[in-house]
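So the structure is just underneath, and the comments pick up after that.
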Amino acid sequence: MRPFRSPTVTVPAAALTFAIALASCATKGDTVDACLAMAERGLRPVSEERSKRFLGKVREDTAQCRGGERAVAWRSVPWLDWQSYWATGDAGSRAPGSDTTHLSANGRGIDGALLDLEYQRIELIKFNLFDSSGTYPDYVRGRDGVGGRALKVWPEMRLPKGHPLYDAVGGDGTQLCRGEQIRFRQLNGLCNDIKNPLMGSARQAFARNVQFEATFPDLGKDVLARNRHGERLGLLTPDPQVISRTLFTRAQSRPELCREGHGLPGAAADAQCDYKKAPFFNVLAAFWIQFMTHDWFSHLQEGQNGPGTMAVGCADASQGCRPGDRVDPGLVAESGDPATFSHGGKPYLARPYRTTRNNVTAWWDASQIYGHDETSRRRVKRAPSDPAKLLLVSVSGRPGAGERQGYLPLLEAADPMLPQWSGQEATGFPDNWTIGMSFYHTVFAREHNLFVDAFRAQAAATPDGDSGLRHPDRPTQVIRYRDVPADDLFEIARLVVSAEIAKIHTTEWTPQLLYDEPLYLGMNANWSGLFRGRELVERALERVTTGLGTSTDEKATTQWYSVFASGPGIFGLGSARTSDGTPWSLANPEHVNGGVNHFGSPFNFPEEFVTVYRLHPMVPDLLEYRQWDADPNRVRDKVPVVETFRGRATQAMRERGLASWALSMGRQRLGALTLRNHPQFLQNLELPRLQTETGKIDVAALDLIRDRERGVPRFNEFRRQYGLRQLTRFDDFVDTRLTKGTPYRIEQERLVGLLRQIYGQHRCDASKIITDAQVNADWSRITDCLGHPDGSLVDNIEDVDTVVGWLAEFPRPHGFAISETQFQVFILNASRRLFSDRFFTSSFRPEFYTHLGVQWVNNNGPDRRMEKGEPNGHEVQVSPLKRVLLRTIPELALELDPVVNAFDPWARDRGEYYSLEWKPRRGAESDAAFSERR
Ligand code: HEM
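Each number in the numbering used here corresponds to the 1-based position in the sequence shown with 30 added.
Right, dumping it as structure tokens:
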């Protein structure tokens with residue numbers, strides 16, 4: 031192998047233009063000086079030590095150069111600096127008189143934000159990968175002279191003896207998936223990485239993003255954790271139900287119209303359940319993410335936790351909670367003391383104190399639709415008339431051009447299922463079934479079938495044409511359209527649907543979740559690169575990137591790889607340009623697999639990722655039901671979400687139809703992710719299967735209990751571990767940009783008071799070191815006093831549950847529906863699940879997807895369409911979910927016409943540059959939702 035030489039360029043590609051720009055920035059005198067000082071100093075090096083990382087905080091001159099005085103002032107708070115740079119908010123954040131070229135103030139703001147984000151990603155890849163399945167000692171120590179972060183194959187990812195495919199992949203020798211095993215996404219996720227067959231398959235261990243020693247703080251096994259929390263933590267301490275009732279409950283102005291989320295009889299439109307709304311994100315977005323999580327991870331096996339039940343707190347019923355609630359304990363994989371090892375004189379744990387399994391595939395493979403093992407696959411019904419299709423049945427009696435595409439069939443008695451799933455639609459992942467799940471499963475089943483129809487039409491028109499598909503055993507033999515069997519076409523459609531879903535999530539859902547310019551650019555760069563339309567640059571960068579991927583130099587294969595991938599984009603990496611410069615060949619395993627990079631740690635989601643997806647406040651209690659063919663501006667009913675749970679979701683879908691549900695959820699705003707905003711019905715959810723005294727469970731409290739069961743570090747250490755600045759008191763949660771005495775600020779201060787009431791205070795001991803993840807600004811160790819005088823009364827900020835902490839983060843970047851702590855977790859894992867997946871990188875090829883499949887994914891459908899105008903200053907293709915909806919529910923064409931992003935409330939006027947204003951677009955003035963001020 032050719033030795034890797036560090037690139038002569040010393041700045042990330044994403045920042046190249048920015049660095050050049052600095053030398054000649056020309057605004058006010060102070061800013062010029064600041065920019066020059068910053069340029070002269072050069073870019074900060076990537077930290078060599080965990081404890082001295084970037085933290086998203088820049089020097090004063092850098093802040094001045096990128097955002098002026100406002101940015102300088104913001105440096106004193108713990109929150110990310112880039113949110114105060116120029117042009118990173120709405121129109122008001124733009125520098126007066128500046129355009130958006132790289133040299134301008136606005137350009138420096140946006141480029142600076144992108145640069146900060148790139149540093150975060152590099153350091154996250156460097157410091158936050160902890161695999162729990164046994165590979166960690168090699169990651170730290172390296173193997174056979176290769177540094178751990180450059181390792182690409184692990185014995186733990188081999189198929190064990192006795193596995194049905196053991197011999198097929200090479201048995202005792204070098205294991206390599208080949209032939210039939212590598213053609214499509216395998217049901218249980220095997221052989222995505224052809225050299226690591228087990229990686230990402232169902233029932234592999236959840237990884238971690240935090241040092242193993244920082245997990246399970248309440249076990250008190252680690253001295254730093256003991257110093258951090260004293261004796262204050264336990265599974266039910268502080269009481270999770272009391273936290274839920276005090277910090278999570280939605281205040282109701284008319285409780286009699288809400289009735290704990292049950293609304294009024296007959297779904298009367300007079301019902302009212304108050305909730306805090308996010309003006310730029312709709313209910314479709316809430317259910318989208320539930321739909322995604324069902325694909326990515328599940329701690330439950332076929333909807334089941336561990337045996338028996340356990341208490342769930344509520345020592346004091348006067349708080350409104352229920353002492354009689356009980357719940358089944360979470361499943362645990364390994365719980366004995368972990369092995370230890372040492373390296374460089376330092377002791378390490380080989381895994382967390384306990385591990386859990388991800389019971390579904392970790393790949394973005396639409397396993398929620400298609401199943402993840404033999405049991406779940408038995409629920410997936412194919413059309414007898416054409417087995418390439420999913421079975422959809424007609425439900426008669428409704429107008430609408432999409433209706434004839436049909437609805438999912440119901441589970442049958444012979445299907446594997448829990449009793450509570452009976453009456454639901456049949457699909458791979460049926461747990462926690464809601465109207466939103468019914469919606470998306472139906473939409474994507476229709477989309478699957480539409481792709482099959484298009485393929486069949488192509489095959490009828492050009493039966494002898496080259497489909498692009500190849501069999502790895504006969505790589506040069508053309509497979510004509512007419513020769514593609516139905517089973518293969520089913521799998522090709524699955525590949526296409528999975529890639530469409532990943533694209534929707536990356537380029538449509540996330541840029542609306544994080545609605546500002548840096549994130550729009552950043553997410554689109556993840557998918558299609560920073561140099562769209564500049565093919566020469568892209569080609570060169572792709573070749574460099576894939577070359578870096580094969581390097582055994584740790585820095586090259588991680589840090590530089592991540593940086594250069596921003597050029598061509600992660601999606602499709604290695605599918606055109608190979609690292610050795612030869613044409614891509616299916617016969618060459620290095621080409622098939624050459625675009626993946628796991629950065630030295632096998633891919634699976636970390637436990638911490640699940641924590642930041644506990645997004646229950648997004649769900650409203652009542653759905654504002656509208657009818658697509660009779661005045662969409664009118665809310666006809668308020669349907670309680672709880673009445674659309676499980677089999678009742680299916681019933682509601684069939685009775686009212688896909689188009690009206692799309693319209694209703696498309697127009698309604700979702701719940702903001704903040705304190706005191708959990709749905710009432712989830713706090714009082716009936717779970718008769720538990721056969722407990724109350725038969726109910728508080729899901730909001732359960733979110734905390736599950737995190738504690740799984741040893742997620744508490745909020746402040748969580749932030750330190752992820753390279754974010756710690757808080758030193760509850761008051762840090764208050765957004766100091768708000769003027770004192772204004773209603774929002776008063777409310778935040780009140781909630782901070784409640785945090786103090788729940789978590790309390792203690793007299794601190796400055797001799798107790800509490801972390802080794804970070805140090806103080808003067809390089810001293812962080813102690814129990816968090817910088818306050820020894821012996822003083824300090825807030826128990828260390829004990830705050832992570833979900834509580836991120837909900838309490840009031841200061842957020844513009845347009846962020848989530849907090850910066852959650853976002854930090856996404857930066858790492860959202861790109862990793864693309865980097866690690868062969869079908870999104872080097873195997874995104876016609877040999878697997880067919881020519882039609884590749885075009886379908888690239889064009890968002892059978893043809894390419896551009897959106898009218900330039901939303902937020904960009905020429906954009908019609909967005910992928912909008913295209914899917916236009917195909918699967920064509921009767922919504924008129925309603926969808928002005929929609930730019932399917933997750934922005936459909937009747938909202940998007941206004942200018944990332945406006946969050948809640949005002950109606952033309953034609954929706956009479957929509958009652960706009961008469962509410964918030
Ligand atoms: C009607 C709506 C919903 C209901 C009834 C519901 C119910 C539940 C329940 C009962 C659990 C606990 C499972 C357990 O640990 O025993 C759970 C877990 C969870 N829910 Fe929801 N949920 C809903 C919507 C959502 C949404 C919109 C999201 C958004 C992402 C979400 C994300 C999660 C996550 C991440 C978990 C943890 C899963 C795991 O541990 O593997 N849920 N939900």
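All C-beta atoms in this analysis are idealised placements derived from N, C-alpha and C, irrespective of residue type, glycine included. Given the structure is predicted, the values throughout are model-derived calculations rather than measurements.
Residue i versus residue j: straight-line alpha-carbon distance, rounded
i: residue 946; j: residue 100; result: 21 angstroms
i: residue 950; j: residue 942; result: 14 angstroms
i: residue 823; j: residue 252; result: 24 angstroms
i: residue 885; j: residue 65; result: 44 angstroms
i: residue 269; j: residue 889; result: 51 angstroms
i: residue 643; j: residue 796; result: 35 angstroms
i: residue 202; j: residue 186; result: 13 angstroms
i: residue 522; j: residue 871; result: 16 angstroms
i: residue 274; j: residue 602; result: 44 angstroms
i: residue 542; j: residue 852; result: 15 angstroms
i: residue 171; j: residue 160; result: 13 angstroms
i: residue 356; j: residue 818; result: 40 angstroms
Residue i in three-state terms, based on DSSP
i: residue 417; result: strand
i: residue 699; result: strand
i: residue 752; result: coil
i: residue 937; result: coil
i: residue 739; result: helix
i: residue 388; result: strand
i: residue 635; result: coil
i: residue 309; result: strand
i: residue 82; result: helix
i: residue 496; result: strand
i: residue 185; result: helix
i: residue 57; result: Below a pLDDT of 50, predicted positions are generally treated as unreliable, and residue 57, at 45, falls in that range; the measurement from the model is reported next regardless. Coil.
i: residue 180; result: helix
i: residue 457; result: coil
i: residue 675; result: strand
i: residue 465; result: helix
i: residue 472; result: helix
Endpoints, the alpha helix (DSSP H) within which residue i is located
i: residue 257; result: 253-259
i: residue 550; result: 547-558
i: residue 170; result: 166-171
i: residue 713; result: 710-713
i: residue 924; result: 923-926
i: residue 76; result: From DSSP, residue 76 is part of no alpha helix (DSSP H); its letter is neither H nor E.
i: residue 789; result: 773-789
i: residue 406; result: 404-407
i: residue 400; result: 397-400
Limits of the beta strand (DSSP E) - the one that residue i falls within
i: residue 225; result: Per DSSP, residue 225 belongs to no beta strand (DSSP E) and is neither H nor E.
i: residue 445; result: Element bounds for residue 445: n/a, residue is neither H nor E.
i: residue 316; result: First-last for residue 316: 313-326, but that is the alpha helix (DSSP H), not the beta strand (DSSP E).
i: residue 652; result: 652-655
i: residue 668; result: 667-670
i: residue 528; result: Taken as a continuous stretch (DSSP letters only), residue 528 belongs to no beta strand (DSSP E), being part of the alpha helix (DSSP H) at 516-534.
i: residue 373; result: 370-373
Cβ distance (whole Å) where residue i is taken to contact residue j below 8 angstroms
i: residue 220; j: residue 195; result: 7 angstroms
i: residue 305; j: residue 701; result: 5 angstroms
i: residue 431; j: residue 921; result: 5 angstroms
i: residue 230; j: residue 633; result: 6 angstroms
i: residue 493; j: residue 512; result: 4 angstroms
i: residue 257; j: residue 726; result: Not quite, the Cβ-Cβ distance comes to about 38 angstroms (not below 8 angstroms), so this is no contact.
i: residue 266; j: residue 343; result: 4 angstroms
i: residue 957; j: residue 263; result: Incorrect: roughly 48 angstroms between the Cβ atoms, too far for contact.
i: residue 674; j: residue 440; result: Incorrect: roughly 16 angstroms between the Cβ atoms, too far for contact.
What are the complete alpha helix (DSSP H) segments, minimum 4 residues, inside the stretch 831-906?
832-837, 850-865, 876-889
Quick one: which unbroken alpha helix (DSSP H) runs of 4-plus residues sit fully inside the stretch 123-173? Chain order, please.
135-157, 166-171
Run through the stretch 588-617 for me and flag every whole alpha helix (DSSP H) of 4 or more residues, listed as ranges in chain order.
591-595
Runs of beta strand (DSSP E) lying entirely within the stretch 82-113, each at least 3 residues, in chain order
none
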